[in-house]
Amino acid sequence: MIRVVFLAQLREQLKTEEVLIQAAGIDSIALLKQYLILQNPEWEKFLCNSKLLVAINHAYAKGDAAIRPGDEVAFFPPVTGG
Amino acid sequence: MSFSIAVQTLDFDVGREYAELITDDTTAGAVVFFVGRVRDMNYAQAVKRMSLEYYPGMTETVLQQILDEAKKRWELIAGRVVHRVGDLHAGEQIVFVGVSSAHREHAFQAAEFLMDFLKTRAPFWKKETNINGAEKWVDANENDQQRASRWE
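Top to bottom, those sequences are chains A and B. Start counting the first sequence at 4; every next residue gets the next number (the numbering used here). Start counting the second sequence at 273; every next residue gets the next number (the numbering used here).
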C-alpha cells in the first residue's frame, strides 16, 4: 500500500487530503500520477502542473523516482514559508 | 552548543532565543539573528491575517537538514530556527533564525543562507486573508529562488 498526501492549495483543488493506493505495479511517481488521473480525470490539470513538488518519505524526489509499498508520497505546490 | 529547530503555533521570545544561543559560551564573538514578521501589505493587497500550513514530519526534517548544512559550510558555534504555523495576524512574528560564530562573516553568511534555503526548501505554505475577507494562497517568489541559487 502507498499513502499519498496532498498539501496546501493542491489539497483544496483536489478536495482530497489523502488516498491509500493498493494497486499492484505502481512503482514510480510517474505511474502513480497516471493512476491517480485515471481514477480522477478532473485531477489532471492540477497534477500535471510542472511546478508541483514531490516528496517520498519526507524527502524531495524527482518526477521519475521509484516508489515501493509502504512509502508515503506527498504532492504539494512551491513552498512559501519564512 | 546546540543546533536545534522548532515548528510551533506559539509565539517566540527573541530575548530568550538569543540568551539560549549564547548560554555557557564565551567563544562566540558574533551573533546574527533574523526575525520575519507578517507584513500588512503584500503585492499592494492589504493583509489582515494569514494561515501557515506545514507538512508535519517533513518540515522539521528539512529545517534540521538546512541547519546541519549551514554548520558544515561555516564555522558556527550554535544555531536555532523557529518557525510558527497556524493563524497569524499582521505584525506578528513568523520566523526566527539565529547563529553564533567566532567571526561575524560566518554568522552573517550562515544566517542569510538559512533564510534563503528555508524560503525555498522548507514545506510551509501561506494563505492570506485581506481586509475584505478574501483568501488567497501566496505565490512562490522567483526572486527567492534566485537568491537561494547563489549558495549552490
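Glycine included, every Cβ here is placed at the ideal spot set by N, Cα and C.
Using a Cβ-Cβ cut-off of 6 angstroms (strictly less than) and excluding sequence neighbours within five positions of A:I32, which residues of its own chain qualify?
-> By 1-based counting over the first sequence, the position of residue 32 of chain A is 29. Within the same chain, A:I32 has close Cβ partners V57, G66, A68.
Taking DSSP as the reference, what is the three-state secondary structure of B:W346?
-> The residue given as residue 346 of chain B occupies position 74 in the second sequence. Residue state, collapsed to three classes: coil.
Are the C-beta of B:L360 and some C-beta of chain A separated by less than 8 angstroms?
-> Reading the second sequence from its first residue, position 88 is the one you call residue 360 of chain B. Chain A contact via Cβ: absent.
Which of helix, strand or coil DSSP assigns to A:I32 = As a first step, residue 32 of chain A is located in the first sequence; it is residue number 29 there, counting from the start. The answer is helix: DSSP assigns A:I32 an H, G or I state.
Quick one: what's got a C-beta closer than 7 angstroms to B:I294's C-beta in the same chain, skipping five residues either side?
-> Here residue 294 of chain B is taken as the residue at index 22 of the second sequence, counted from 1. For B:I294, where only same-chain residues beyond five positions count, the Cβ hits under 7 angstroms are A300, V303, S372.
First through last residue of the beta strand (DSSP E) which encompasses B:V286 = In the second sequence, counting from the first residue as 1, residue 286 of chain B sits at position 14. It is not in any beta strand (DSSP E) - B:V286 instead sits in the alpha helix (DSSP H) that spans 286-294.
Whole-number beta carbon distance between A:T83 and B:A412, since they are thought to touch under 8 angstroms | Indexing the second sequence from 1 puts residue 412 of chain B at position 140. Indexing the first sequence from 1 puts residue 83 of chain A at position 80. Sure, about 6 angstroms apart at Cβ, within 8 angstroms.
How about B:D388 and B:W423: do their beta carbons lie closer than 8 angstroms?
-> Residue numbering aside, residue 388 of chain B sits at position 116 when the second sequence is read from its first letter. Residue numbering aside, residue 423 of chain B sits at position 151 when the second sequence is read from its first letter. Contact flag set, yes.
Anything in chain B within Cβ reach of A:A64, meaning under 7 angstroms, just list it in chain order.
-> As a working note, residue 64 of chain A is residue 61 in the first sequence. The contacting residues do not exist; A:A64 stays about 11 angstroms from chain B at best.
Specify the secondary structure class of B:D283 as computed by DSSP and reduced to three states.
-> Within the second sequence, the letter at position 11 stands for residue 283 of chain B. Three-state DSSP puts B:D283 in coil, outside helix and strand.
Go through the region 373-408 of chain B residue by residue and report every complete run of the alpha helix (DSSP H) that reaches 4 residues or more, in order.
-> 376-393
Under 9 angstroms from the C-beta of A:T19: neighbouring residues of chain B | Here residue 19 of chain A corresponds to residue number 16 of the first sequence, with the count starting at 1. Correct list: empty, because the minimum Cβ distance to chain B is about 15 angstroms.
When DSSP labels each residue in this structure, what does B:Y327 get in the three-state scheme?
-> The count along the second sequence starts at 1 and reaches residue 327 of chain B at position 55. Three-state result, B:Y327: coil.
With a CB to CB cut of under 6 angstroms and the five nearest residues on each side skipped, what residues in its chain are close to A:K36?
-> Residue numbering aside, residue 36 of chain A sits at position 33 when the first sequence is read from its first letter. So the list reads L50, once near-sequence residues are dropped.
The region 318-330 of chain B touching the region 353-372 of chain B, judged by at least three CB pairs closer than 8 angstroms = yes
Chain A contact residues for B:F396, given Cβ-Cβ distances below 8 angstroms = Your numbering for residue 396 of chain B matches position 124 in the second sequence. Per Cβ cutoff of 8 angstroms: V82, T83, G84, G85.
Kindly indicate which three-state DSSP category B:V371 falls into: helix, strand or coil?
-> As a first step, residue 371 of chain B is located in the second sequence; it is residue number 99 there, counting from the start. Reduced to three states, the DSSP call for B:V371 is strand.
Quick one: Cα of B:G351 to Cα of A:V8, how far?
-> Locating residue 351 of chain B in the second sequence gives position 79, where the first residue counts as 1. Locating residue 8 of chain A in the first sequence gives position 5, where the first residue counts as 1. Approximately 31 angstroms, taken between the alpha carbons.
Is the Cβ of B:E424 closer than 8 angstroms to any Cβ of chain A?
-> Taking the second sequence and counting its residues from 1, one reaches residue 424 of chain B at position 152. No, its Cβ sits nowhere closer than 8 angstroms to a Cβ of chain A.
Under the rule that 16 or more other beta-carbon atoms within 10 Å means buried, what is B:Q418, buried or exposed?
-> Here residue 418 of chain B is taken as the residue at index 146 of the second sequence, counted from 1. The residue in question, B:Q418, is exposed, as its Cβ has fewer than 16 Cβ neighbours within 10 Å.
Enumerate in chain order the residues of its own chain whose CB-to-CB distance from B:S276 is below 7 angstroms, with the five nearest sequence positions on each side excluded.
-> If you number the second sequence from 1, residue 276 of chain B lands on position 4. R352, listed in sequence order.
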